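Chemist: The structure follows.
There are 2 protein chains.
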Amino acid sequence: MVETTPLIAALEDAGYRVTGPRRNVVGLIAGRSGHFTAADLVTESNRRRLGVGRATVFRTIEVLSDVGVVERIDLPSGEHAYIACQPVHHHHVVCSGCGRTRDVDDAGLRHVVRDIARQTGYRVDDHRLELFGLCPECQTAASGANRPGPSR
Amino acid sequence: MVETTPLIAALEDAGYRVTGPRRNVVGLIAGRSGHFTAADLVTESNRRRLGVGRATVFRTIEVLSDVGVVERIDLPSGEHAYIACQPVHHHHVVCSGCGRTRDVDDAGLRHVVRDIARQTGYRVDDHRLELFGLCPECQTAASGANRPGPSR
DNA sequence: GTTTTTGCAAACCATTTGCAGGGTC
DNA sequence: GACCCTGCAAATGGTTTGCAAAAAC
């Protein structure tokens with residue numbers, strides 16, 4: 147009865163050991179609809195009495211991040227949050243209402259980056275674009291009488 | 147003999163009091179060529195025996211940030227760094243060699259953002275683009291020891 | 001004179017690390 | 001069985017806060 151999720155599969159493929167605590171952390175991540183912080187997972191782990199230690203949560207996030215299935219985003223507040231995503235180059239639109247994100251491909255950005263490199267003379271090795279706003283659901287919710295809230 | 151720098155002027159204009167410690171912090175920032183962390187300023191303040199407390203450094207950075215003349219950037223390492231800049235919407239290319247940054251205008255990015263909003267249905271309120279690479283000087287310096295191959 | 005600001009130290013919060021025991025391949 | 005991983009607790013590093021004294025307007 148060993149379930150395999152994409153995140154677990156990514157761990158295996160990269161040669162990391164698949165352990166109980168790691169499965170638990172992955173489960174916690176899967177249960178999140180939007181972005182999450184390390185503290186979120188620790189809190190939730192305690193609430194559910196999973197017995198996963200703080201350190202392991204941090205270490206697992208790091209491992210998943212190395213593998214590329216979890217990515218760190220920097221919220222406007224300065225907090226470090228994480229999201230699960232595909233291990234390919236892309237960017238994110240983050241909903242400031244519910245925290246959900248959507249992946250966005252590089253699209254026209256490639257040209258913008260090239261132009262900037264040309265203008266500044268910098269050799270641009272990496273770039274990061276983050277967008278913040280309201281997702282369609284939260285727009286609807288906000289325009290009515292109800293406040294936006296996470297759904298599950 | 148009260149000197150006025152752009153940062154100090156911004157403080158005054160916003161109605162903040164211009165104090166000795168704030169002048170000192172602004173002086174420290176002016177002495178930096180690239181980005182800086184709060185810790186950098188604290189260290190430098192101690193070295194120069196300016197008598198500016200840790201808390202004041204943090205509070206001054208916050209105030210300058212509110213006013214818009216200092217902006218936080220999130221380095222790939224996850225560190226929070228700051229740079230002095232103009233209070234208009236723009237983006238940054240950060241040199242991973244020397245830490246110096248250059249401002250970049252919105253240029254073609256505007257279109258990219260609009261396309262993304264259209265594709266995802268999100269109402270995009272804000273965005274942030276950060277580019278990392280090597281500035282022309284650092285490219286030259288590195289080319290002696292590095293093998294060729296940079297873009298262009 | 002009133003209101004803001006400061007320095008200090010302690011508090012706080014997030015993240016990391018050392019290490020002995022336990023689990024996985 | 002060898003090596004990786006985990007939990008715990010303590011250490012760390014960055015940032016905030018309470019408060020009385022000092023400074024700015």
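As they're listed, the protein sequences go chains A and B. Letter by letter, the first sequence follows residues 147 to 298 of the working numbering. Letter by letter, the second sequence follows residues 147 to 298 of the working numbering. C-beta: ideal position from N, C-alpha, C; glycine also. If you're wondering where the values come from, they're calculated on a predicted model, not measured in any experiment.
Just to make sure I have the definition right: I need the residues of chain A whose C-beta is within less than 7 angstroms of the C-beta of B/VAL258. Which are they?
Modeler: ALA253, GLY254, LEU255 and VAL258, listed in chain order.
Chemist: Let's test the definition: count the other Cβ atoms within 10 Å of the Cβ of B/ASN170 and tell me whether it reaches 16, buried, or not, exposed.
Modeler: Per the 10 Å Cβ criterion, buried.
Chemist: Check the Cβ of A/HIS273 against every Cβ in chain B and list those closer than 8 angstroms, keeping chain order.
Modeler: By Cβ distance, chain B contributes LEU275, GLU276, LEU277 and PHE278.
Chemist: Please tell me whether A/TYR186 has its Cβ less than 8 angstroms away from any Cβ of chain B.
Modeler: Checking the displayed sequence, the identity of residue 186 of chain A turns out to be Asp instead of Tyr. For A/ASP186, the answer is no, since every Cβ of chain B falls outside 8 angstroms of its Cβ.
Chemist: Report the neighbours of B/ASP261 on chain A: residues whose CB is nearer than 7 angstroms to its CB, in chain order.
Modeler: Going along chain A in sequence order, the residues near B/ASP261 (Cβ under 7 angstroms) are ALA253 and GLY254.
Chemist: Rounded to the nearest angstrom, what separates A/SER299 and A/VAL164 at their Cα positions?
Modeler: No answer is possible for residue 299 of chain A: it lies beyond the span of chain A, which begins at 147 and ends at 298.
Chemist: A/GLU149 CB to nearest chain B CB: under 8 angstroms?
Modeler: Not an interface residue.
Chemist: For chain A, check one thing: does any of its Cβ atoms lie closer than 8 angstroms to the Cβ of B/GLY314?
Modeler: Residue coverage of chain B in this structure runs from 147 to 298, which leaves residue 314 of chain B outside it and unanswerable.
Chemist: Note down, in chain order, all residues in the segment 211 to 229 of chain B with a beta-carbon under 8 angstroms from any beta-carbon belonging to chain A.
Modeler: Listed by position along the chain: ARG218, ASP220, PRO222, GLY224 and HIS226.
Chemist: Quick one: is A/PRO233 near chain B, going by C-beta distance under 8 angstroms?
Modeler: No, its Cβ sits nowhere closer than 8 angstroms to a Cβ of chain B.
Chemist: Alpha carbon to alpha carbon, how far is A/VAL240 from B/ARG248?
Modeler: Cα-Cα distance, rounded: 26 angstroms.
Chemist: Please list the partners that B/VAL270 has in chain A, where partner means a Cβ-to-Cβ separation under 9 angstroms.
Modeler: Near B/VAL270 (Cβ distances below 9 angstroms), the residues of chain A are VAL239, LEU277, PHE278, GLY279 and LEU280.
Chemist: My assumption, with CB atoms under 8 angstroms, is that A/VAL203 sits in contact with A/SER191. Please give the rounded CB distance.
Modeler: Correct: roughly 6 angstroms between the Cβ atoms.
Chemist: Could you give the DSSP three-state label for B/CYS300: helix, strand or coil?
Modeler: The structure shown does not extend to residue 300 of chain B, since chain B spans only 147 to 298, so no value can be given for it.
Chemist: What does DSSP give as the partner residues of A/ARG205 in its beta bridges?
Modeler: According to DSSP, which records beta bridges pairwise, A/ARG205 is partnered with nothing at all.
Chemist: Closer than 8 angstroms by C-beta to B/ARG218: which residues in its own chain qualify, once you throw out the five before and the five after it? Chain order, please.
Modeler: If we look at B/ARG218 and ignore the five residues flanking it on each side, its Cβ neighbours are SER211, HIS226, ALA227 and TYR228.
Chemist: Between the Cα of B/THR206 and those of B/GLY243, B/THR183, B/PRO222 and B/ALA288, spot the shortest distance and give me the residue it belongs to.
Modeler: Nearest C-alpha to B/THR206: B/THR183.
Chemist: On the DSSP bridge list, what partners appear for A/ALA230?
Modeler: Per DSSP, A/VAL216.
Chemist: In whole angstroms, what is the alpha-carbon distance linking A/GLU276 and A/HIS235?
Modeler: The alpha-carbon atoms of A/GLU276 and A/HIS235 are separated by roughly 13 angstroms.
Chemist: With 8 angstroms as the threshold, decide whether the Cβ of A/VAL250 is near any Cβ in chain B.
Modeler: Yes, its Cβ sits closer than 8 angstroms to a Cβ of chain B.
Chemist: Are the beta-carbon atoms of B/ALA253 and A/VAL258 separated by less than 8 angstroms?
Modeler: Cβ atoms of B/ALA253 and A/VAL258: closer than 8 angstroms.
Chemist: Along chain A, which residues have their Cβ under 8 angstroms away from the Cβ of B/THR189?
Modeler: In chain order: nothing, as chain A lies at least about 21 angstroms away.
Chemist: Hey, is A/GLY245's beta-carbon within less than 8 angstroms of any beta-carbon in chain B?
Modeler: No, A/GLY245 does not count as interfacial toward chain B.
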